[in-house]
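Asker: The end of the sequence shown is residue 261 by the numbering used here, with every number in the run present. Glycine residues also receive a C-beta, built at the ideal position from the N, C-alpha and C atoms. Predicted model only: the values in this text are computed from it and were never measured.
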Amino acid sequence: MERGRDAVTAAGWSTLGVVVAVGAWALVASAFAIPEIVLPAPSGVVAAFLRMPGYLLEQAVITLGETVLGFVLSVVCGLVIGMAIAAFRVAELMFYPLLVAFNAVPKVALAPLLVVWMGFGQQPKVVMALLVCFFPVVLSVAGGLASTPPELVELARSLDTPRWQTFVKIRFPGALPQVFVGLKVAMPLASVGAVIGEFSAGDAGLGFVIVQAGGSSDTALAFAAIGLLAVMSIALFYALVLVERLLLPWVRETAAVR
């Protein structure tokens with residue numbers, strides 16, 4: 004019952020935040036008489052969406068598929084690389100600086116190269132989503148596994164527990180809260196990567212809609228696509244939060260009350 008009330012309260016505050024933000028947007032657009040081509044009013048954005056809802060939702064599904072696939076691949080790659088870095092000091096010394104350097108490279112600069120290597124289609128967009136979001140996963144996995152309390156590891160060794168059992172029963176479960184922090188950082192980045200790919204190699208998706216609408220000065224349509232992208236990212240983020248609460252109920256129970 005208490006959790007239900009907390010959920011309702013949280014939803015109420017979130018809704019109020021959206022209402023305040025949209026109201027401020029409408030007030031600014033009206034008070035300063037900003038041209039529609041520069042900043043459309045919320046009513047104009049809604050009207051743009053209602054002009055072609057089927058088309059926009061179809062493009063949103065395409066971007067959603069690229070985002071989810073890129074995120075899943077980043078989780079797989081991040082788990083493998085993060086576990087290798089945590090398990091082997093040599094792997095950390097050899098590859099960690101390279102990962103940091105690669106993460107510092109602006110991914111927008113790689114988008115044209117991905118088109119050359121993979122052509123137009125879904126592949127460069129998925130790979131771009133993977134490249135943008137996999138580093139937080141690697142960092143959280145490596146950090147979580149390295150932060151296992153040493154007394155637990157020593158206890159396992161004193162009981163002659165095999166290393167794989169120590170990993171499965173102690174190290175990995177203990178690392179999961181930090182791993183989910185990285186996943187929650189990576190999830191919105193995956194949608195950013197997919198849209199970057201659509202900007203450069205897109206013939207479909209919300210990024211393609213934004214580029215086309217901007218080229219035709221249909222700012223309201225571009226804002227409608229951006230709004231759909233925001234809604235999609237919020238839904239994916241809270242779906243991941245729900246998975247975390249289902250898999251790690253003790254984290255919420257032991258967290259400090261705010």
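For the alpha helix (DSSP H) containing LEU76, name the first residue and the last one.
Answerer: What you label residue 76 is simply residue 73 of the sequence shown in a count that begins at 1. Its alpha helix (DSSP H) spans residues 56-90.
Asker: Beta-carbon within less than 7 Å of VAL111's beta-carbon, same chain only, minus the 5 sequence neighbours each way: which residues are those?
Answerer: Stepping through the sequence shown from its first residue, residue 111 is reached at position 108. Result list for VAL111: ILE199, in chain order.
Asker: Would a C-beta distance cut-off of 8 Å place ALA216 and LEU59 closer than the cut-off?
Answerer: Indexing the sequence shown from 1 puts residue 216 at position 213. Indexing the sequence shown from 1 puts residue 59 at position 56. No, Cβ-Cβ distance for ALA216 and LEU59 is not below 8 Å.
Asker: Should ILE40 be labelled buried (16 or more other beta-carbon atoms within 10 Å of its own) or exposed?
Answerer: Taking the sequence shown and counting its residues from 1, the one referred to as residue 40 is at position 37. Exposed, by the Cβ-count rule.
Asker: Tell me which residue opens and which closes the alpha helix (DSSP H) that THR169 is part of.
Answerer: Walking along the sequence shown from the start, residue 169 turns up at place 166. First-last of the alpha helix (DSSP H) with THR169: 166-169.
Asker: Rounded to a whole number of angstroms, what is the C-alpha to C-alpha distance between ALA259 and LEU251?
Answerer: Translated into positions along the sequence shown, residue 259 becomes position 256. Translated into positions along the sequence shown, residue 251 becomes position 248. At ALA259 the pLDDT is 46, less than 50, meaning the model places this residue with poor confidence; the figure from the coordinates comes in the next sentence. If you take the alpha carbons of ALA259 and LEU251, they lie about 15 Å apart.
Asker: Ends of the alpha helix (DSSP H) at ILE213?
Answerer: Within the sequence shown, numbered from 1, the residue matching residue 213 stands at position 210. Taken as a continuous stretch (DSSP letters only), the alpha helix (DSSP H) holding ILE213 covers 209-218.
Asker: Kindly indicate the opening and closing residues of the alpha helix (DSSP H) around LEU191.
Answerer: Sequence index remark: in the sequence shown, residue 191 carries index 188 (1-based). In the sequence under discussion, the amino acid at residue 191 is Pro, which differs from the Leu named in the question. Looking at the DSSP string, the run of the alpha helix (DSSP H) that includes PRO191 is 175-204.
Asker: If distances are taken between C-alpha atoms only, which option among CYS80, GLY230, VAL141, VAL171 comes closest to LEU155?
Answerer: Against the sequence shown, residue 155 aligns to sequence position 152. Of the candidates CYS80, GLY230, VAL141, VAL171, the one whose C-alpha sits nearest the C-alpha of LEU155 is VAL171.
Asker: Who are the Cβ neighbours of CYS80 in its own chain at under 6 Å, not counting the five residues just before and after it?
Answerer: The residue you call residue 80 lines up with position 77 of the sequence shown. Contacts found: PHE137.
Asker: Taking the alpha helix (DSSP H) that ILE229 falls in, what are its first and last residues?
Answerer: For this step, residue 229 is matched to residue 226 along the sequence shown. It spans 222-250 - the alpha helix (DSSP H) in which ILE229 sits, taken as one unbroken run.
Asker: Which residues in the same chain have their Cβ closer than 8 Å to the Cβ of VAL130, if we skip the five residues on either side of it in sequence?
Answerer: Counting from one through the sequence shown, the residue named residue 130 turns up at place 127. GLY73, LEU117, MET121, GLY200, listed in sequence order.
Asker: What did DSSP end up calling LEU116 once you bin it into helix, strand or coil?
Answerer: Counting from 1 along the sequence shown, the entry for residue 116 is found at position 113. The answer is helix: DSSP assigns LEU116 an H, G or I state.
Asker: What are the boundary residues of the alpha helix (DSSP H) that includes VAL108?
Answerer: Here the question's residue 108 lines up with position 105 in the sequence shown. No alpha helix (DSSP H) holds VAL108; DSSP gives it neither H nor E.
Asker: For PHE35, report the span of its alpha helix (DSSP H) as first-last.
Answerer: Counting from one through the sequence shown, the residue named residue 35 turns up at place 32. Premise fails: PHE35 is in no alpha helix (DSSP H) and is neither H nor E.
Asker: Following the continuous alpha helix (DSSP H) through PRO139, name the residue where it begins and the one where it ends.
Answerer: Counting from 1 along the sequence shown, the entry for residue 139 is found at position 136. That run of the alpha helix (DSSP H) goes 125-149.
Asker: Counting Cβ pairs, one atom from each stretch, are 3 or more of them under 8 Å apart for the stretch 140-156 and the stretch 82-96?
Answerer: Taking 8 Å as the limit for Cβ pairs, the verdict is that the stretch 82-96 does touch the stretch 140-156.
Asker: By Cβ distance below 6 Å, which residues in the same chain neighbour THR151 in space, the five residues on each side in sequence not counted?
Answerer: Within the sequence shown, residue 151 is the residue found at index 148, counting from 1. Within the same chain, THR151 has close Cβ partners ARG174, GLY177.
Asker: Do GLY196 and PHE202 have their CB atoms nearer than 8 Å?
Answerer: For the purposes of this step, residue 196 is taken as residue 193 along the sequence shown, with counting starting at 1. For the purposes of this step, residue 202 is taken as residue 199 along the sequence shown, with counting starting at 1. The answer is no: Cβ separation not under 8 Å.
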